[in-house]
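Enquirer:
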Amino acid sequence: MNLKYIAIAGGGLSILTALVLTWPNWLPIWLPINSPPLYEKDAREYLQKKEVSSEVIRKLEERKLLSEAEVLELSKFKNVAVLHLLASNPGATEDLLRQLADHRSKVVLWGVASNKNTPLEILLKFRTPGDYTTMNCYLARNPGLPEPLIREMYKQGEASLFDFALNESLPADLMEELLSKDETVRFGLSLNLKIPDHICQALANDPDELVRRNLRKKCPVQPAGK
């Protein structure tokens, strides 16, 4: 069995993602460094004890769109991991995001920062211009940011290139720049759901197997030689 390990440090968090490539599947394994919270695991265990339905828990963990009733149900809990995931969910309303933007936990605020439904004035308040911070890393992933702001943050190195690669609103010319970066960044780009066809084709022919495998699921053009 051939194993390949690629380390991905995403979102400015002290969490290392080891991607273990086996044949025919690769498995993501989250390895804690300095024992950071694993939000999905913590939220799941908490909500199971509260007898929340498994379907709602799954949608929360996978960041699938929650219904208004489901959002209301989850918003009543005080668990930080639950609120972090809820704040990053596309079903979170503007009113809820405004409430969570005043939360005392930075973990909850990180979720708010990543949500495209969060009002721009809140996102601007969270940002620290010119600095590389965990908050800026979450902001860099937010597709709701105006293009000029994305470009400014990118130019000033306020987040990792991996974070920018995940942003569905990242301008195409910046995506093209990322094609020349290391495999960690290119893998992040391959996770982006809104990459243009020519970027998709380039990644489908990437020298890294993990990147190519990910693109086979969504690239409209078959890789060269396939």
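Reminder that position 222 of the sequence shown reads as 203 in our numbering, one-by-one numbering, no gaps. Where a beta carbon is used, it is the ideal one built from N, C-alpha and C, also for glycine. Model, not experiment: these values are computed from the prediction.
Tell me whether S34 sits in a helix, a strand or coil according to DSSP, three-state version.
Expert: coil
Enquirer: Output needed for P13: all residues of its chain with C-beta closer than 6 Å, excluding positions within five of it in sequence on either side, in chain order.
Expert: With a pLDDT of 31 at P13, under the threshold of 50, the predicted position of this residue should be treated as unreliable, though the coordinate-derived value follows. If we look at P13 and ignore the five residues flanking it on each side, it has no Cβ neighbours.
Enquirer: Grab me the residues of N148's own chain with a C-beta within less than 8 Å of its C-beta, minus the 5 sequence neighbours each way, in chain order.
Expert: A121, R122, N123, P124, L126, I131, N173
Enquirer: For T74, count the other beta carbons within 10 Å of its own beta carbon; 16 or more makes it buried, fewer makes it exposed. Which is it?
Expert: exposed
Enquirer: Rounded to whole angstroms, how far is the Cβ of L53 from the Cβ of H84, which I believe are closer than 8 Å?
Expert: So it is not a contact: roughly 17 Å between Cβ atoms.
Enquirer: Using the beta-carbon count (16 or more within 10 Å), is G111 buried or exposed?
Expert: exposed
Enquirer: Give the straight-line distance between the Cα atoms of V61 and A82, rounded to the nearest whole angstrom.
Expert: 13 Å
Enquirer: Going by beta-carbon coordinates alone, are L77 and V93 separated by less than 7 Å?
Expert: no
Enquirer: Can you tell me whether G138 is buried or exposed, with buried defined as 16 or more other CB within 10 angstroms of its CB?
Expert: exposed
Enquirer: Apart from the five residues just before and just after L46, which ones in its own chain have a Cβ nearer than 8 Å to its Cβ?
Expert: K40, N70, P71, G72
Enquirer: Which of the three DSSP states is assigned to Y113 in this structure?
Expert: coil
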